[in-house]
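If you're matching positions, the sequence shown starts at 156 in this note's numbering and goes up one per residue.
Glycine included, each C-beta is placed from N, C-alpha and C at the ideal position.
Given the structure is predicted, the values throughout are model-derived calculations rather than measurements.
What follows is a short report on a single structure.
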Amino acid sequence: MRIQCARSIVAWPQHSMNILTHLQELDDLIVKHTQPPVTTILRNKLAFAIEQAQAHSAAVERQEKTLATQIETIERLMKQNQELVAKYEHPDGDRCPFCHALAGRLKRINPHPALGPAGLNVGYYKCQHCGKDYDKNLAGPRSISN
Ligand SMILES: [Zn+2]
């Protein structure tokens, strides 16, 4: 949720660009449609507003860079944390092909339907993290079930 919010803030500089464009257009309109000394008074006032908008735009750009870095860091740390939690909860877990947590628990091993006689087995797993079932080929002549 928090990450989603941070991403919407990233759209700010586009707004600032729009404001600067509008202020520039306003300046052009003042030049075109007013007479001195009104022209100078309005343009001086507008110049201050443009300066403020530019400073704001630069500040927002810096914030955007900071936020982008923070989003990347948070996403990396969340993934790392998820892996560590899964590893802690299921220390001997197999890597789940769906959620990639080390939380796959071997439920049973059967001989491979075709290559069983050649010593190949199929391991049937259930992921303790995402709950999905999966299987994979296992070499070696053994057979368990539970
Ligand atoms: Zn999983």
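Please say whether residue j and residue i have beta carbons closer to each other than 8 Å?
i	j	result
I205	L175	yes
L201	L178	yes
K242	L232	no
V186	T195	no
G271	A294	no
So residue i and residue j are supposed to be a Cβ contact under 8 Å. How far apart are they, rounded?
i	j	result
N276	P266	6 Å
Relative to ligand 2, is the shortest distance from any of its heavy atoms to the C-beta of residue i smaller than 7 Å?
i	result
K287	Although ligand 2 was asked about, the structure shown includes only ligand 1 as ligands.
So what does DSSP say about residue i, is it helix, strand or coil?
i	result
R250	strand
K234	helix
G278	strand
L293	strand
G286	coil
A269	coil
A258	strand
Across the segment 245-264 and the segment 273-286, are there enough close Cβ pairs to call them in contact, namely three or more that are closer than 8 Å?
With the cut-off at 8 Å, the segment 245-264 and the segment 273-286 touch.
How do the segment 283-293 and the segment 243-252 stand: do at least 3 beta-carbon pairs fall below 8 Å, yes or no?
Yes: at least three Cβ pairs fall under 8 Å.
Going residue by residue through the segment 176-235, where are the continuous alpha helix (DSSP H) segments of at least 4 residues, counting only ones entirely within it?
Listed in chain order, nothing qualifies, since the segment 176-235 has no complete alpha helix (DSSP H) run of 4 or more residues.
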